[in-house]
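> Mind having a look at this structure? Questions to follow.
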Amino acid sequence: MRRTTFALAAVAVLPLALAGCTEKSSSEASAEDIAVTATDTTCEVGSAEGTTGNSTFQITNNGSKVTEFYVYGEGDRVMGEVENIGPGLTRQLIVALPDPGTYQTACKAGMVGDGIRADFVVTGDAVRQADENGLLTEAATGYKRYVVSQVDALQETTASFVAAVKSGDIESAKAQFPITRSYYERIEPVAESFPDDLDPRIDLREPDVEPGAEWTGFHRIEKDLWTQGLQPDTNAMADQLQADIAELAEKVKADDFTIDPIQVAGGAQGLLDEVAKTKISGEEDFFSHTDLWDFQANVDGSQAAVAAVRPIIDQNDAELGTAIDARFAELDAELAKYRSGDGFVFYDTVTEPQRQELSNKIDALSAEVSQVQGVVAGQ
Amino acid sequence: MSLQDSNPPQNSGFSRRRLFGAVGAGAALVGAGAVGGYAAGSSSSDAVSDVVDFRGDHQAGIVTPAQDRMHFVAFDITTDSRDDFVALLREWTEMAERMVRGEETFPDGAIGAGEYKPPSDTGEALGLSASSLTLTIGFGPGLFDRFGLSEFRPASLADLQHFPADNLDARRSGGDLCIQACANDPQVAVHAIRNLARVGFGTVSVKWSQLGFGRTSSTSTTQATPRNLFGFKDGTANLKAEDPAMLDEHVWVSPTDDQEWMGGGSYLVARRIRMLIESWDRTVLNEQERVIGRSKGSGAPMGLKDEFDPLDLDSKGPKGLLIDEAAHVRLASKEELGGIQILRRGYNFTDGSDGFGHLDAGLFFIAYCRDPLTQFVPMQLALARKDLLNEYIQHVGSAVFACPPGLGESDYWGSTLFG
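As they're listed, the protein sequences go chains A and B.
In terms of the UniProt record's numbering, the first sequence has 182 at position 182, counting the first letter as 1, and numbering is strictly consecutive.
In terms of the UniProt record's numbering, the second sequence has 280 at position 280, counting the first letter as 1, and numbering is strictly consecutive.
The following block contains the structure:
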């Protein structure tokens, strides 16, 4: 599924350049493909060089953890990614790299963290369209590609989470809860953009439930798992969650779902506001204290949204992109202090002064990101 | 008024007003028939008197006649880059100078920046006058180490010692720098601090802030003495702007005192003093007056008639000393303190109620002095040990800052320190 998605997205960006390659994308590896061998601790990329246009990677996971593979541009702009590569599997990624320059490849065993990075140097003439309209279209297309990739992963992880809940395996469900949510938290403004209560059905917190209304979604199941034990209707809640997320995926993938590139920047800001509003206080994951997973996911999602419009930022205000890079790096470094294993420490162990420091970093980043919309709009 | 009348603003460039100029003019026309000359007279005196000069030998907001309202904020510095910090000080200076004139923080900032940008002025002061806004900056002890400026840190600028009965809350104490905004309209003061904080994100972060709603001292002989939340006149014996020799002796730092860059500056001591209002309110008048040492009605020292009668610390009545040995005025008087005086500039505050239904209220004490170690510290030590008032108050926040001198034409906040 995902392979097709990426191929289609690439077609949309560069129809001419890719016209001759479409056939090949569905075929087996060719001599020009770059083999990537991932383990839990290594990431061997067959070539550190490419030319402008499309590069095809064949990623084989020889490790024991599920992994993912990314190609990043400036500012950690996601040029392409393939997620959920199980042990022993090989997946293909075709990625359009329109400009010459230094990109980065990354394997992420366990699907968290910055991954094992390496430079990937692209030479040749730029094949991108240079006009702004082209950049805006490309930004919207790129961001939609990101959203679709997250929704795909969300569906897969939710299926597994729901299965654990329904089998009564509380420990497994607890372990999967924050990981599953991460995919949602990265793109939450998109879910909020649909007018039919989809976001509240999936993500409402208990204090926000109106008297008499039914409380569904992640946080209801969270309460069952962590504090009150599985309830007679927990399984129904799990099924409901899976159905709601299927609905989200369907809406996101619909042909008529388009993304306004200026709204992408607004979404980046919205995600940071989320952090400032409910994560920093620990209200979001009140029962599980897994707020830092959400926190990181919001920040990652914000970074992806900013990265999608990065070429426009660079064109209109070169200093802003660099400033934002620095602020994301500072916040990531601060968050890294709370990493534990493949995840994070629980938020109830984070002290007030530590929360203050995180809040300072969010404020600093948010002040820069608040400028992005105007810059993208050419103001 | 002499300070601000000496150089009335030639350019009444109130863009904040001008935006509503058309509306204002229409209203004036409509009102002309009804109130005639009154409207014209009040608006012209308003325009002359409510802008305080931003530049001068000393920072405004110290001996400027105390305005009615205050928003005080302490920041921590979050950058290690001296360049970033100096850039912020320069930007703040420009913003401050504009706001003090009654203008927006940036030209046309509230609505003219484009629909996809957060407005560069938050807008809540649109249509309000300058309201005698003053903005005063001070640097805390921690700033100097952070930027490798230790050799420029005045010896007098150190975290205050722990005083007996202090119950300090770290979340309301200290800070690497402070800005005091005083104005006659609270919305103007809050607008100023909000906008300065907004552009500071990433370079500084707000550590704590305090709103004050009623000045608790007079800094000019033109002002009536206000009352504090205990109902007593406060600041009767304060230093006054009209006595420059006393200010030079007690408030303004001399360039030869310690650090040359502080010449013309002053030190700011801030103490959040919670008043135990409910206990006080259950205390009989006789006891209240004994504690303070002044009559509640007139403000006169005990046994005397007029508020400004000099303290007579030795007179006795039938029950002994007229002013109790531990009365607040006695312990705080220059006579008892070997001539020590400070310029008080505090404000009443009320931050709602605590969890027991008691008013969270008190005095946000601000004092300016030439040397906190030889002026504020001995005064506070004397008070903390003996003051009868201690039964009704608690010191819960504390901070000290070095306020640099005033700004010349091309100076920015702190340019004597950062060059």
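Glycine residues also receive a C-beta, built at the ideal position from the N, C-alpha and C atoms.
A quick note: this is a predicted structure, and the numbers were derived from the prediction, not measured.
Using a Cβ cut-off of 7 Å, which residues of the UniProt domain "Dyp-type peroxidase N-terminal" (59 to 213) of chain B contact any Cβ in chain A, in chain order?
Listed by position along the chain: T78, G114, Y116, K117, P118, F201, G202, S205.
> On the criterion of 16 or more Cβ atoms from any shown chain inside 10 Å, does G339/B qualify as buried, or is it exposed?
exposed
> Is there a Cβ from chain A that is less than 8 Å from the Cβ of D411/B?
Using beta-carbon distances, D411/B does not count as an interface residue toward chain A, since no partner is under 8 Å.
> At which residue ranges does the UniProt domain "Dyp-type peroxidase N-terminal" (59 to 213) of chain B contain complete alpha helix (DSSP H) runs of 4 or more residues, listed in the order of the chain?
82 to 100, 141 to 146, 186 to 200
> Between which two residues does the beta strand (DSSP E) containing N238/B stretch?
Run containing N238/B: none; DSSP gives neither H nor E here.
> Relative to the C-alpha of D119/A, which candidate in G73/A, D125/A, G86/A has its C-alpha closest?
G73/A
> Check distances from the C-beta atoms of the segment 323 to 336 of chain A to those of chain B and list, in chain order, the residues that come in under 8 Å.
R327
> Closer than 8 Å by beta-carbon distance: list the chain B residues that pair up with E368/A, in chain order.
G202
> I'd like to know whether the C-beta of N316/A is nearer than 8 Å to at least one C-beta of chain B.
Closer than 8 Å: no.
> Buried or exposed for G134/A, going by 16 or more other Cβ atoms inside 10 Å?
exposed
> In the DSSP assignment, find the unbroken beta strand (DSSP E) run with Y347/B in it and report its ends.
347 to 353
> Is Y103/A helix, strand or coil when you go by DSSP?
strand
> Does DSSP put T349/A in a helix, in a strand, or in coil?
helix
> Go through its chain and collect everything with a Cβ distance to R82/B's Cβ below 6 Å, but skip five positions before and after it.
Shown here for R82/B: same chain residues with a beta carbon closer than 6 Å to its own, the five before and five after excluded, namely F147 in chain order.
> Quick one: what's T123/A bridged to in DSSP?
Answer by DSSP bridge pairing, in chain order: T51/A.
> Is the separation between the beta-carbon of I111/B and that of P118/B shorter than 8 Å?
no
> If the cut is a Cβ gap below 7 Å, which residues of chain B does G374/A touch?
G114, Y116, K117
> Hey, would you say the C-beta of T42/A is under 7 Å away from at least one heavy atom of the ligand MG?
Judged by which ligands are present, the structure shown has none, so any question about the ligand MG falls away.
> Does any C-beta atom of chain B lie closer than 8 Å to the C-beta of D363/A?
yes
> Could you check whether the Cβ of N360/A sits closer than 8 Å to any Cβ belonging to chain B?
yes
> Can a CB atom of chain B be found closer than 8 Å to the CB of I280/A?
no
> In the DSSP assignment, what are the bridge partners of L363/B?
DSSP links L363/B through a beta bridge to I273/B, N348/B.
> Which residue from M95/B, C178/B, S205/B puts its Cα closest to that of F106/B?
M95/B
> So, is the C-beta of A377/A closer than 8 Å to a C-beta in chain B?
yes
> May I ask you to verify whether the segment 67 to 81 of chain A touches the segment 108 to 116 of chain A, counting CB pairs closer than 8 Å and requiring at least 3?
The segment 67 to 81 of chain A, when compared against the segment 108 to 116 of chain A, does touch it at the 8 Å Cβ threshold.
> Within a Cβ cutoff of 7 Å, which residues of the same chain sit near L198/A, ignoring the five residues on either side of it in sequence?
A191, D244, E247, L248
> Leaving out five residues before and five after G86/A in sequence, what residues of the same chain have Cβ atoms less than 7 Å from its Cβ?
Leaving aside the five residues that flank G86/A on each side, the residues in its chain whose CB is nearer than 7 Å to its CB run, in chain order, N61, V66.
> Please give the ranges of any alpha helix (DSSP H) in the segment 223 to 264 of chain A, keeping only runs that are unbroken, at least 4 residues long and fully inside the region.
Taking only runs of at least 4 residues, the alpha helix (DSSP H) segments lying wholly in the segment 223 to 264 of chain A are 234 to 253.
> Indicate whether at least one CB of chain B lies closer than 8 Å to the CB of I85/A.
no
> Would you say Q371/A reaches chain B, if we count a Cβ-Cβ gap shorter than 8 Å as a contact?
yes
> By the 10 Å Cβ neighbour count, where 16 or more other Cβ atoms means buried, how is E104/B classified, buried or exposed?
buried
> Return the Cβ separation of T56/A and E32/A in integer angstroms, given the expectation that the two are a contact with Cβ distance under 8 Å.
7 Å
> Closest to F356/B by CA distance: which of M302/B, N390/B, D76/B, I277/B is it?
Distances from the alpha-carbon of F356/B to those of M302/B, N390/B, D76/B, I277/B put I277/B closest.
> Under 6 Å Cβ to Cβ from F72/B, same chain only, skipping five residues before and after it: list those, please.
Q180, Q210
> Note down the Cα distance separating A164/A from V45/A, rounded to an integer number of angstroms.
35 Å
> So for F57/A, helix, strand or coil by DSSP?
strand
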